[in-house]
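Peer 1:
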Amino acid sequence: MTFGEYIREIREEKQLLLREVASQMNIDTALLSKIERGTRLARKEQVEALAKALKQNKSELLQYWLADKIVFMLKEEKNITEILKIVEQKINRLSKK
932 MTFGEYIREI REEKQLLLRE VASQMNIDTA LLSKIERGTR LARKEQVEAL AKALKQNKSE
992 LLQYWLADKI VFMLKEEKNI TEILKIVEQK INRLSKK
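In my numbering, the protein residues as written are 932 to 1028.
#1: My output table needs one value for D959: the three-state DSSP class, helix, strand or coil.
#2: With C-beta atoms as the reference, is V952 less than 8 Å away from A984?
#3: Can you tell me the Cα-Cα spacing of R939 and E1008, whole angstroms?
#4: Is the Cβ-Cβ distance between Q946 and I958 less than 8 Å?
#5: Between which two residues does the alpha helix (DSSP H) harbouring L985 extend?
#6: Exposed or buried, I1022, counting other C-beta atoms within 10 Å across all chains shown (16 or more means buried)?
#7: Among L992, K1028 and E1013, which has the Cα closest to the Cα of R974?
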């Protein structure tokens, strides 16, 4: 499930209209629609505002959002698994410092 699909599902479960959530976030309804459809990547500030508007855990939404950003960056690469292994090694080194 993509970040956009995830937030749309939450919004619909809460029976909130797109324009209601967009208004709470202080963004245009068309922009929120694009984020939900996956044609536009949200900014971190927008994800945080979305968490507040949907009354969701900010950390959880940020995880879904970051995962989508990583997939978007790597989707055209042929050696994704190898890249992610290197990333994991680098993160492990950072966490040991």
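Ideal placement from N, C-alpha and C gives every residue a C-beta, glycine not left out.
Peer 2: Concretely, from the data shown:
#1: As a working note, residue 959 is residue 28 in the sequence shown. Coil.
#2: The residue labelled residue 952 in the question sits at position 21 within the sequence shown. The residue labelled residue 984 in the question sits at position 53 within the sequence shown. It is a contact, given that the beta carbons lie within the stated cut-off.
#3: Residue numbering aside, residue 939 sits at position 8 when the sequence shown is read from its first letter. Residue numbering aside, residue 1008 sits at position 77 when the sequence shown is read from its first letter. The alpha-carbon atoms of R939 and E1008 are separated by roughly 28 Å.
#4: Start at 1 with the first residue of the sequence shown, and residue 946 comes out as number 15. Start at 1 with the first residue of the sequence shown, and residue 958 comes out as number 27. Against a cut-off of 8 Å, the Cβ pair of I958 and Q946 comes out as no contact.
#5: Locating residue 985 in the sequence shown gives position 54, where the first residue counts as 1. Note, L985: alpha helix (DSSP H), K975 to L985.
#6: Stepping through the sequence shown from its first residue, residue 1022 is reached at position 91. Exposed, because fewer than 16 other Cβ atoms sit within 10 Å of the Cβ of I1022.
#7: By 1-based counting over the sequence shown, the position of residue 974 is 43. Per the C-alpha coordinates, the member of L992, K1028 and E1013 positioned closest to R974 is L992.
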